[in-house]
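What follows is one structure encoded as structure tokens, with my remarks underneath.
In the numbering used here, the protein residues as written are 20 to 380.
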């Protein structure tokens, strides 16, 4: 009989071996010490996530999640927003169930711009994970790095299907936190030989260049304008918080692919209307894009674009229902506002890998 004084980590490992079905194979088992009657919830920090999870693993599982979305295996409400009093901030809730993973997740994101006056971070994010087959809570995960990783992963999936196979030059517009995983995601699916980086804050671009040249073993050149970066690129990633376009159609060379991941409200945009009109546009989910993506909504408001011109959702592409790139000359755009299924997929990969680590210690 297991006693209460036994170290909790040993209890977890003992439990993993003592049951007849394994969480490592199917997320239908919980981290639960039935012997002591005490639930042990996993708590994984930002450092844990960064140590355990690799971009290639997330790309693989995110692609699987979009395939499940197309085939009806995902329960995915639109995100909800609750605003604090006196314009203090917003709290967003992003729930999702992917039935094939037996996993419910809900990411809680708080955005409090005035926290900067209190010397506190302006954004916090955590994910609650629950076994959707039995309702047992599994864990709490700090979600800052995980969010960036899954966003880079979806750009990796889109780039795999929409960019030219010989793409080798990448432009990054906006060199903040998200830019790093964008470069990682694209580099995972294409043989990137050169990166051009631009940010309105030159020091931020220089820091990005130093970090990513070491991490990816590739030349990263900081340029003075977004145009300089875009004109040379086969793949462009925009990762800004701009309300006005940072990329214009005339800058794009034939056959370029764009991942636009920064704008996430109806009034934000990174891509000009001409690019949207001329490109083959793929979105993560039409309902979300038409509700939140200013890059799509603003051209529609202008009367220059319509929702029926959106070529496809990413799930249609990865499932083979529609082809991705069909010529070397076409311009392609992937517009993402970020979906909770990406969080769910990343958490699934994270927990599965972490529990495998526990079992072999």
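Where a beta carbon is used, it is the ideal one built from N, C-alpha and C, also for glycine.
- Contact fails between the stretch 241 to 258 and the stretch 148 to 165, because fewer than three Cβ pairs, one in each stretch, are under 8 Å apart.
- DSSP places residue 244 in the coil class of the three-state scheme, outside both helix and strand.
- The C-beta distance from residue 127 to residue 107 rounds to 16 Å, too long to fall under 8 Å, and the pair is not in contact.
- In the DSSP assignment, residue 204 forms no beta bridge with any residue.
- Excluding sequence positions up to five before and after residue 92, its CB lies within less than 8 Å of the CB of 117, 118 and 119, all in the same chain and listed in chain order.
- Taken through DSSP and simplified to helix, strand or coil, residue 67 comes out as helix.
- About 6 Å separates the Cβ atoms of residue 202 and residue 191, confirming a contact at the 8 Å cut-off.
- With contacts defined as CB atoms closer than 8 Å, residue 257 and residue 290 qualify as a contacting pair.
- Closest in alpha carbon position to residue 252, among 85, 268 and 261, is 268.
- Residue 260 is positioned such that its CB atom lies closer than 8 Å to that of residue 281.
- For residue 130, the enclosing beta strand (DSSP E) starts and ends at 122 to 130.
- Taking 8 Å as the cut-off, the Cβ atoms of residue 343 and residue 88 do not count as close.
- Remark: C-beta atoms of residue 362 and residue 146 approach each other more closely than 8 Å.
- For residue 284, no alpha helix (DSSP H) segment is defined, and its DSSP state is neither H nor E.
- Spatial neighbours of residue 98 in its own chain (CB-CB distance under 6 Å, excluding positions within 5 residues in sequence) are listed in chain order as 111 and 113.
- Only exposed fits residue 340, as fewer than 16 other CB atoms lie within 10 angstroms of its CB.
- Spanning the alpha carbons of residue 76 and residue 302 requires a straight line of approximately 22 Å.
- Put simply, the stretch 207 to 216 touches the stretch 183 to 190. At least three CB pairs are less than 8 Å apart.
- Of the residues assessed, residue 137 falls on the exposed side of the cut-off, its CB having fewer than 16 other CB atoms within 10 angstroms.
- In the structure shown, the three-state DSSP call for residue 164 is helix.
- The C-alpha of residue 139 lies about 30 Å from the C-alpha of residue 310.
- According to the DSSP assignment, residue 109 belongs to the beta strand (DSSP E) that extends over 109 to 117.
- The beta carbon of residue 223 lies closer than 8 Å to those of 194 and 195 in the same chain, with the five residues before and after it left out.
- Assigned with DSSP and collapsed to three states, residue 92 falls in coil, not helix or strand.
- If you check the CB distance, residue 365 and residue 72 come in under 8 Å.
- Beta-bridge partners of residue 100 (DSSP): 111.
- Taking C-alpha positions only, residue 121 is separated from residue 172 by approximately 21 Å.
- If you draw a 10 Å sphere on the C-beta of residue 314, you find 16 or more other C-beta atoms in it, and that means buried.
- By a beta-carbon distance limit of 8 Å, residue 332 does not contact residue 354. Their separation comes to about 11 Å.
- For residue 328, no beta strand (DSSP E) run applies, since DSSP gives it neither H nor E.
- Non-local C-beta neighbours of residue 101 in its own chain, meaning closer than 6 Å and more than five positions away in sequence, comprise 110, ordered along the chain.
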